[in-house]
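Going by the UniProt record's numbering, the sequence shown opens with residue 1, and the numbers climb by one from there. Have a look at the structure below, then the notes.
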Amino acid sequence: ADQSDSENPTAATSEEKWLPGKCKWFNVAKGWGFVVSEDGEHEVFVHQSALQMTGFRSLGDEEEIEYQATQSDKGLEATAVRAKGGGDCQGSHRRPGAKKKLRKVR
Numbered sequence: 001a002d003q004s005d006s007e008n009p010t011a012a013t014s015e016e017k018w019l020p021g022k023c024k025w026f027n028v029a030k031g032w033g034f035v036v037s038e039d040g041e042h043e044v045f046v047h048q049s050a051l052q053m054t055g056f057r058s059l060g061d062e063e064e065i066e067y068q069a070t071q072s073d074k075g076l077e078a079t080a081v082r083a084k085g086g087g088d089c090q091g092s093h094r095r096p097g098a099k100k101k102l103r104k105v106r
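Now the structure itself:
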């Protein structure tokens with residue numbers, strides 16, 4: 001069988017191929033966001049459970065990553081995400097509920 005669609009990210013998952021991309025945006029409070037392929041052609045949904053990192057899992061804005069994706073009924077979805085070149089993702093500097101509360105000074 002000829003694999004003529006080698007650039008199709010959905011075909012790459014069977015070969016465990018890591019595709020380059022970067023974080024488009026990530027909502028740390030909800031735990032999900034989107035990464036975009038290096039060529040900018042594909043937007044891929046990512047849930048925090050797919051991120052390779054310890055502690056609080058998130059992605060930083062424009063963070064360079066590598067991902068594996070599968071086609072779901074809603075579109076492309078990342079099944080695994082790691083830092084570019086391998087290793088743990090950096091994550092966002094933001095944390096959910098970390099808004100500063102203003103106090104009245106008496």
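By construction, the Cβ of each residue, glycine as well, lies at the ideal position given by its N, Cα and C atoms.
Nearest to residue i (by Cα), restricted to the options the options
{"i": "G75", "options": "K17, F45, D39, L19", "result": "F45"}
{"i": "W18", "options": "E64, R106, K104, T54", "result": "E64"}
{"i": "H93", "options": "S37, G33, E66, F56", "result": "F56"}
{"i": "T54", "options": "G87, R106, P20", "result": "G87"}
{"i": "G21", "options": "Q90, V105, Y67", "result": "Y67"}
{"i": "Q48", "options": "D73, G40, C89", "result": "C89"}
{"i": "E38", "options": "Q52, E62, F26", "result": "E62"}
{"i": "G33", "options": "S58, Q52, H42", "result": "S58"}
{"i": "R82", "options": "H42, C23, Q52", "result": "Q52"}
Cα-Cα separation, residue i to residue j
{"i": "F50", "j": "A78", "result": "Phe is not the amino acid found at residue 50; the sequence shown has Ala there. Straight-line Cα distance between these residues: approximately 7 angstroms."}
{"i": "Q71", "j": "K84", "result": "22 angstroms"}
{"i": "A69", "j": "A80", "result": "7 angstroms"}
{"i": "G31", "j": "G40", "result": "23 angstroms"}
{"i": "W16", "j": "V105", "result": "Note that residue 16 corresponds to Glu in the displayed sequence, not to Trp. Spanning the two alpha carbons is a distance of roughly 57 angstroms."}
{"i": "W25", "j": "G60", "result": "8 angstroms"}
{"i": "H42", "j": "G91", "result": "21 angstroms"}
{"i": "D73", "j": "C23", "result": "22 angstroms"}
Whether residue i touches residue j by CB criterion (7 angstroms)
{"i": "V28", "j": "P96", "result": "yes"}
Backbone secondary structure at residue i - three-state DSSP
{"i": "D5", "result": "Low per-residue confidence applies at D5: pLDDT is 47, beneath 50, and the placement is therefore not dependable enough to give any value."}
What ranges does the beta strand (DSSP E) occupy inside the UniProt domain "CSD" (18 to 83), keeping only unbroken runs of at least 3 residues that lie completely in it? Correct list: 19 to 27, 32 to 37, 43 to 47, 64 to 72, 75 to 83.
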